[in-house]
Amino acid sequence: MSDLLSRLSLQPVDSGDFEDMLAVRIDAMRPSLERVGRFDLTRSRERLSAGFVVPFMHHIVLDGEQRVGFVTLKPEDADALRLDHLYLRTGFQGRGIGEWVMHWAKAQAREKNLDIKLTALVQSDANRFYLRHGFVLEGEEGVDLHYRWRVASEASAASELASR
Numbered sequence: 656m657s658d659l660l661s662r663l664s665l666q667p668v669d670s671g672d673f674e675d676m677l678a679v680r681i682d683a684m685r686p687s688l689e690r691v692g693r694f695d696l697t698r699s700r701e702r703l704s705a706g707f708v709v710p711f712m713h714h715i716v717l718d719g720e721q722r723v724g725f726v727t728l729k730p731e732d733a734d735a736l737r738l739d740h741l742y743l744r745t746g747f748q749g750r751g752i753g754e755w756v757m758h759w760a761k762a763q764a765r766e767k768n769l770d771i772k773l774t775a776l777v778q779s780d781a782n783r784f785y786l787r788h789g790f791v792l793e794g795e796e797g798v799d800l801h802y803r804w805r806v807a808s809e810a811s812a813a814s815e816l817a818s819r
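Counting from 656, one number per residue, gives the positions in the sequence shown under our numbering.
Structure representation (structure tokens):
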């Protein structure tokens with residue numbers, strides 16, 4: 656594990672953190688949203704507000720105090736969790752932090768034997784990230800792409816490797 660990743664932790668979110676988290680979301684999403692002609696401050700606020708569920712949200716923290724992003728992993732339905740938000744400040748993208756968070760999210764899903772669903776913006780760099788981490792595109796709706804990571808697929812792939 657790189658030195659940077661060993662210095663990361665997740666910390667709980669407080670209802671008073673909304674504005675700071677909105678700033679992180681805007682920083683992370685603005686380039687992709689502008690690329691598809693969809694950047695709008697009001698819409699950004701509304702989208703975060705609709706998914707602002709404090710018990711399922713965590714700050715991604717470096718060295719115990721520097722907030723570099725946040726993640727929301729919440730129950731979706733009987734067979735899946737929803738990765739509703741995974742945003743990193745632009746200066747912290749591409750450094751393995753997203754992968755660190757993805758390992759955490761998958762561990763949570765494995766523990767509950769649940770899949771993970773998520774939605775990503777078409778033409779976003781995040782799409783390559785999710786595909787690299789085993790998510791499969793399940794559908795498209797407007798500018799949104801819907802992905803799913805199946806806990807059962809991972810288990811069957813692991814058992815196939817073990818039987819060789």
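By construction, the Cβ of each residue, glycine as well, lies at the ideal position given by its N, Cα and C atoms. As the structure is a computational prediction, the values presented were derived from the model and not from experiment.
Endpoints, alpha helix (DSSP H) assigned at residue i
i	result
G719	Looking at the DSSP string, G719 is not in any alpha helix (DSSP H), and its letter there is neither H nor E.
D675	F673 to R690
A781	A781 to R787
D658	D658 to S661
With 16 other Cβ atoms within 10 Å as the buried cut-off, status of residue i
i	result
S779	buried
E815	Any reading at E815 must be qualified, since the residue scores a pLDDT of 43, below 50, and its modelled position is unreliable; the value itself is stated next. Exposed, by the Cβ-count rule.
A762	exposed
A678	exposed
H714	buried
Cβ-based neighbour list, residue i, same chain, cut-off 6 Å, excluding 5 preceding and 5 following
i	result
N782	A775
F790	Y802 and W804
Spatial neighbours of residue i in its chain, beta-carbon cut-off 7 Å, leaving aside the 5 residues before and after
i	result
V615	Not covered by the structure: residue 615. The range shown for the chain is 656 to 819.
L717	R662, L663 and V723
Residues near residue i in its chain [Cβ-Cβ closer than 8 Å; skip 5 each side]
i	result
D795	Contrary to the premise, residue 795 reads as Glu rather than Asp in this sequence. Excluding sequence neighbours, E795 sits near V777 and H801.
Inter-residue Cα distance where the pair is residue i and residue j
i	j	result
K633	E689	Any answer about residue 633 is impossible in this case: the structure gives the chain only from 656 up to 819.
L736	D682	25 Å
S670	L786	32 Å
Range of the contiguous beta strand (DSSP E) that encloses residue i
i	result
Q763	From DSSP, Q763 is part of no beta strand (DSSP E) but of the alpha helix (DSSP H) over I752 to K767.
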